[in-house]
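Only one structure is covered here, and it is reproduced in the block below.
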Amino acid sequence: MKTTFKTTLSALALVASASVTQANTIVEIAAGDERFSTLVAAVGAAGLADALSGPGPFTVYAPTNQAFAALPEGTVETLLKPENKDQLTNVLLYHVDDRKLSADMIPVGSNYFKPLLTNERLCITAGEDGVSIADGTGQSANVVIADIQAENGVIHVIDKVLLPGSRPACH
Numbered sequence: 000m001k002t003t004f005k006t007t008l009s010a011l012a013l014v015a016s017a018s019v020t021q022a023n024t025i026v027e028i029a030a031g032d033e034r035f036s037t038l039v040a041a042v043g044a045a046g047l048a049d050a051l052s053g054p055g056p057f058t059v060y061a062p063t064n065q066a067f068a069a070l071p072e073g074t075v076e077t078l079l080k081p082e083n084k085d086q087l088t089n090v091l092l093y094h095v096d097d098r099k100l101s102a103d104m105i106p107v108g109s110n111y112f113k114p115l116l117t118n119e120r121l122c123i124t125a126g127e128d129g130v131s132i133a134d135g136t137g138q139s140a141n142v143v144i145a146d147i148q149a150e151n152g153v154i155h156v157i158d159k160v161l162l163p164g165s166r167p168a169c170h
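Set out below in structure tokens:
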């Protein structure tokens, strides 16, 4: 048991040191990971790649391709049309906080957080079961991978696209 634990700690230390020396921007990390190809396409279509490559700090709640695929049929295609750029931008800004919030900075319980889409709120709940994020539709996304470090912030991978709407209820 001790050997396994030490081996795991050594492996984690190696991964951590490798990620520190290879830190890229949030956009570069997402572009280099096939799980985020839909998100990267959306960020490009909205014209946000330069902003999210800037100094930050940012926290990005990054939906996977599967999360985008779970939206009603045609939603992604409609959002990617040039005439819907404002709506797409709003959806994407709903996934970004202008602070670097690592998982250990999210207090236990349910708390409101203000994304870059300033007239909206997210309800982030942290507990023994992990972290979930309620959006304006009343639905929740789960953080499936936390704390991917970037030189300009942090990425938390989520399993649902967050959508603006009425303010989510924190309970």
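In terms of numbering that gives the first Met the number 0, the sequence shown opens at residue 0 and continues consecutively. The beta-carbon is built from N, C-alpha and C at its ideal position, and this holds for glycine as well. Computed from a predicted structure; not experimentally measured.
Start-to-end residues for the alpha helix (DSSP H) that takes in residue i
| i | result |
| --- | --- |
| Phe67 | 64-68 |
| Asp49 | 48-51 |
| Gly43 | 36-45 |
| Thr74 | 74-78 |
| Glu27 | 25-30 |
Beta carbon of residue i nearer than 8 angstroms to that of residue j
| i | j | result |
| --- | --- | --- |
| Gly171 | Leu162 | For the chain, the structure presents residues 0 to 170; residue 171 sits outside this window and is missing. |
| Val155 | Thr58 | At residue 155 the sequence reads His, which differs from the Val that was named. Yes, these two residues count as a Cβ contact at 8 angstroms. |
| Ala61 | His94 | yes |
| Thr77 | Ala45 | no |
| Asp158 | Ala66 | yes |
| Asn23 | Ala149 | yes |
| Leu175 | Val153 | The requested residue 175 does not occur in the structure, where the chain is confined to residues 0 to 170. |
Residue i, buried or exposed, once every other Cβ within 10 Å from all chains shown has been counted against 16
| i | result |
| --- | --- |
| Thr117 | exposed |
| Asn141 | exposed |
| Thr20 | Residue placement at Thr20 is poorly supported in this model, since its pLDDT is 46, which falls under 50; the coordinates still yield a value, given next. So Thr20 ends up on the exposed side. |
| Ser52 | buried |
| Pro114 | buried |
| Val14 | Residue confidence for Val14 is low, a pLDDT of 42 falling below 50, so the modelled location carries little weight; the figure read from the coordinates is stated next. Answer is exposed; the Cβ neighbour count stays below 16. |
| Ser16 | For Ser16, the pLDDT reaches just 41, beneath the cut-off of 50, and the residue's location in the model is therefore unreliable, leaving the point undetermined. |
| Phe137 | The amino acid occupying residue 137 in the given sequence is Gly; Phe does not appear at that position. Exposed, because fewer than 16 other Cβ atoms sit within 10 Å of the Cβ of Gly137. |
| Ile144 | exposed |
| Glu119 | buried |
| Asp96 | buried |
| Ser165 | exposed |
Opening and closing residue of the beta strand (DSSP E) in which residue i lies
| i | result |
| --- | --- |
| Ala102 | Taken as a continuous stretch (DSSP letters only), Ala102 belongs to no beta strand (DSSP E), as it is neither H nor E. |
DSSP bridge partner residues for residue i (one or two, in chain order)
| i | result |
| --- | --- |
| Gly129 | Gly126 |
| Ile157 | Pro62, Val142 |
| Ser109 | Thr124 |
| Gly152 | Phe57, Ala149 |
| Asp96 | Thr58 |
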